[in-house]
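Asks: So that we are looking at the same thing, I have put the structure below in C-alpha cells.
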Amino acid sequence: MYDVAIVGAGPAGATLARLLSGRCRVLLLHHQRNKCCGGILAPESQKMLAKFDLALPHEVLVDPQPFAVAVWDLQSQLVRHYARQYVNINRKLFDHWLVSLIPANVDIRTDAIYRHSQHINKESLEIFFTENQEIRSERVRFLVGADGAFSRVRREFFANYQNPKRYIALQEWFELPTVWSKNSTKNGIDFRNDYVGIFDSDITDFYAWTIPKNEQIILGSAIPYGNRTREIFEQLKTKLKNLGVHFDEPFYRETGSLLRPLNPFSVCLGSDRVFLIGEAAGLISPSSAEGISSALTSAYYLAQTFGSNGFNLSAYHKNIGLLRWQLWLKTIKIPIMFYPWLRKQIMLSGLTALDHSL
Ligand SMILES: Cc1cc2nc3c(=O)[nH]c(=O)nc-3n(C[C@H](O)[C@H](O)[C@H](O)COP(=O)(O)OP(=O)(O)OC[C@H]3O[C@@H](n4cnc5c(N)ncnc54)[C@H](O)[C@@H]3O)c2cc1C
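With the first letter of the sequence shown counted as 1, position 220 gets the number 1696 in the numbering used here; the numbers rise by one all the way through.
In C-alpha cells, the structure reads:
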C-alpha cells in the first residue's frame, strides 16, 4: 500500500512528490502532456524556487528576458510599459526539469491516467488508473489531486463545490522573423522584446498576450468558456490586423482550460483523505492567470503538514490562508484592469496599479 498517490506531475504534483520522497511511500501518476502556457515565471515563482534552493538550468531559459510588461489597450489605443522582473522559460523543459528532480524512491508511472477511486475503509482508498492501455489499481492512504484546471479528482470528490469561472485559453505559435518583418515596432511595442498584455472588453473580460520565445512568438488569449472561442480568437486577430499588426498563419495551435477564482470560496483544498493542490484547488491569480507560484507554494504547504498520521487538513488550510487572500485581493484590481473607462484613466495617470496586477 502507498501512503500517498499524487495525480499529475505538473509544477504542483512534481514538487509535492519531491518534498515527500523519503518520508513515505509515494505513487505519482504522470500523464505527460504539453501544457498550454505562457511560460513566464513571476517573482513569486522565483521566490519559491529560491526557497527550495533550486536554480533554473540554462536550457530552461529562453530569450528575451522581459523586464517590463507592455499593456496595450485596444479600445483606447494607449500603450504603457510597467517594470516587472519576469523570467521567460520553455514550459515543457521546466516541467521535465521539475520531474527530473524527484528522487528514485518515488514510484513514477508514466502515461498513467487517473480514472476514479473507491473508499475501502476509513483508512484507505483504492484508486483506478490506466497504464499502457490497461486498467490498474492500487491501495493508498491519501490521494492528492494535482491534475490542473479540469481536475478529475476535484470533479469526482468535490462536485458540489463552487467552481472558479472557466476559460478556454488559445495560443498560436508563429515564427518571429515573419511576424517581425510585417510589424516591426507598433505603438511603441517591440514584439521581439516585449511581453505584451492586450486588453479589449469586446474580445474577452480577461486578456490576450504576445510573448517572444527565442525565434518564435506566441499570441494567446483567455476567452470565457463557450462554443465560440475559436471565432472570438479570430476576431482578435482581425482586430489586430486592422490596427496594422499581422499574426497570419501559425505553425502550431494549442488550447487548454484555465480557471479564474473570482471569490475565495471557489478554492477547494480537500477533505480527510483527498487533497487538492495547484490549479486543481483553484489556486491561480484571477488577474493575470499566473499559477506556477501557487502550484509550488501549495505543494510546499501541504508537504509541511505531513506527519505520522498523514496530512493534516486544518494545518493545510491555515498554511494556505495568506495565499488564498492574496489571490482574492487581486480581484479588487479587476475593475481597474478590465473595465475600459477605468483602465484608460489609470493608464493616462501613470499610476502603477496595472503593474502590480499583472
Ligand atoms: C494559456 C495559459 C497560459 C498560462 N501562462 C502562465 C504563465 O505564463 N505563468 C504562470 O505562472 N502561469 C501560467 N498559467 C497558469 C499555469 O500554467 C498553471 O496555473 C499551472 O501550470 C498549474 O500547475 P499545476 O501543477 O497545478 O497543474 P498543471 O500544470 O496543469 O499540471 C497538471 C498535470 O496533471 C496531468 N493530469 C491531468 N489529468 C490527469 C489524470 N487524470 N491522470 C494523470 N495525470 C493527469 C496533466 O497532464 C498535467 O501534467 C497559464 C495557463 C494557461 C492555460
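We put the beta carbon where it would ideally sit given N, CA and C, even for glycine.
Taking only heavy atoms of ligand 1 into account, decide whether any of them is closer than 7 Å to the Cβ of H1507.
Replies: It does: the Cβ of H1507 is within 7 Å (strictly closer) of some heavy atom of ligand 1.
Asks: Looking only at its chain, what residues have a beta carbon closer than 7 Å to the beta carbon of W1573, apart from the 5 residues adjacent to it on each side?
Replies: Excluding residues within five positions, the ones whose Cβ falls inside 7 Å are P1533 and V1536.
Asks: Is it the case that the CB of G1758 approaches a heavy atom of ligand 1 more closely than 7 Å?
Replies: Outside the cutoff, so no.
Asks: Quick check: does the Cβ of V1743 come within less than 7 Å of any heavy atom belonging to ligand 1?
Replies: Because no heavy atom of ligand 1 lies under 7 Å away, the Cβ of V1743 does not count as near it: no.
Asks: Count the other C-beta atoms from every protein chain shown that fall within 10 angstroms of the C-beta of Q1647, then say buried if there are 16 or more, exposed otherwise.
Replies: The residue in question, Q1647, is buried, as its Cβ has 16 or more Cβ neighbours within 10 Å.
Asks: Taking only three categories from DSSP, how would you classify E1766?
Replies: Residue state, collapsed to three classes: coil.
Asks: How far does the alpha helix (DSSP H) with G1489 in it extend, from its first residue to its last?
Replies: Element bounds for G1489: P1487 to L1496.
Asks: Could you say which of P1542, A1526 and G1746 lies nearest to A1791 if we only look at CA atoms?
Replies: Residue G1746 is the option with its Cα nearest to A1791.
Asks: Let me confirm a value: I1611 is counted as buried when at least 16 other C-beta atoms fall within 10 Å, else exposed. Which label applies?
Replies: Its Cβ having fewer than 16 others within 10 Å, I1611 is exposed.
Asks: So what's L1695 in DSSP terms, helix, strand or just coil?
Replies: Reduced to three states, the DSSP call for L1695 is strand.
Asks: With distances taken from CA atoms, which of V1547, F1543, E1730 and S1770 is nearest L1824?
Replies: Residue V1547 is the option with its Cα nearest to L1824.
Asks: Is G1514 helix, strand or coil by DSSP?
Replies: Coil at G1514, not helix or strand.
Asks: Using DSSP's beta-bridge definition, name the partner residues of R1819.
Replies: BP columns for R1819 are empty, so no partner.
Asks: Taking only three categories from DSSP, how would you classify H1534?
Replies: Of the three classes helix, strand and coil, the one that applies to H1534 here is helix, per DSSP.
Asks: Quick one: Cα of H1832 to Cα of N1636, how far?
Replies: The predicted position of H1832 is uncertain, since its pLDDT is 43 and thus under 50; a value taken from the coordinates is nonetheless stated next. Each residue's Cα considered, the two are about 33 Å apart.
Asks: Given this structure, state the Cα-to-Cα distance separating D1676 from F1709, to the nearest angstrom.
Replies: Going from the Cα of D1676 to the Cα of F1709 covers about 12 Å.
Asks: What does the Cβ neighbour count give for F1570, buried or exposed, with the cut at 16 atoms within 10 Å?
Replies: Answer is buried; the Cβ neighbour count reaches 16.
Asks: Using 8 Å as the threshold, is the region 1509 to 1518 in touch with the region 1787 to 1807, meaning 3 or more CB pairs across them?
Replies: Contact between the region 1509 to 1518 and the region 1787 to 1807 is absent, because fewer than three Cβ pairs lie under 8 Å.
Asks: What residue does the beta strand (DSSP E) around V1544 start on, and which one ends it?
Replies: Position check: residue 1544 holds Ala in this sequence, whereas Val was assumed. A1544 -> beta strand (DSSP E) spans A1544 to D1549.
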